[in-house]
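Numbering (the working numbering), first residue to last: 141 to 256.
Rendered as structure tokens:
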């Protein structure tokens with residue numbers, strides 16, 4: 141009987157965390173929609189997308205603070221772009237990691253086309 145109660149409590153905690161996590165994902169998706177961002181991709185624990193004049197990267201977490209946690213690089217500030225080991229490196233210090241080469245190539249081509 142104790143085991144049933146224990147596993148029931150664990151199941152409730154797991155379900156609660158999933159519901160809470162999904163509401164955070166909705167906040168991130170709404171942010172990208174509001175900013176009219178395109179080609180939003182999720183990989184390596186973060187969302188990446190192209191907005192009107194910048195690249196916006198938001199880490200996935202249980203409590204995302206969309207004002208503080210996001211990283212933004214404006215296309216006008218991009219001087220150098222290179223690909224390295226499923227990663228795009230911009231201006232030697234801003235790194236965007238990918239899980240597959242297909243998404244990396246899409247992002248790289250857009251960056252090369254839009255940088256000034």
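By construction, the Cβ of each residue, glycine as well, lies at the ideal position given by its N, Cα and C atoms.
Collapsed DSSP secondary structure at residue 228 in the structure displayed = Here residue 228 refers to the residue found at position 88 when the chain shown is read from its first residue. The answer is strand: DSSP assigns residue 228 an E or B state.
CB contact flag (residue 251, residue 231, <8 Å) | Along the chain shown, one-based indexing puts residue 251 at 111. Along the chain shown, one-based indexing puts residue 231 at 91. Taking 8 Å as the Cβ cut-off, residue 251 and residue 231 do not qualify as a contacting pair.
Local conformation of residue 238 per DSSP, three classes | As a working note, residue 238 is residue 98 in the chain shown. Three-state result, residue 238: coil.
DSSP bridge partner residues for residue 213 (one or two, in chain order) | Taking the chain shown and counting its residues from 1, one reaches residue 213 at position 73. For residue 213, which the question treats as bridged, DSSP gives the partners 195.
Span of the beta strand (DSSP E) holding residue 176?
-> Walking along the chain shown from the start, residue 176 turns up at place 36. Segment: none, residue 176 is in no beta strand (DSSP E) and carries neither H nor E.
From the DSSP output, which residues share a beta bridge with residue 189?
-> Reading the chain shown from its first residue, position 49 is the one you call residue 189. Residue 189 pairs with 196.
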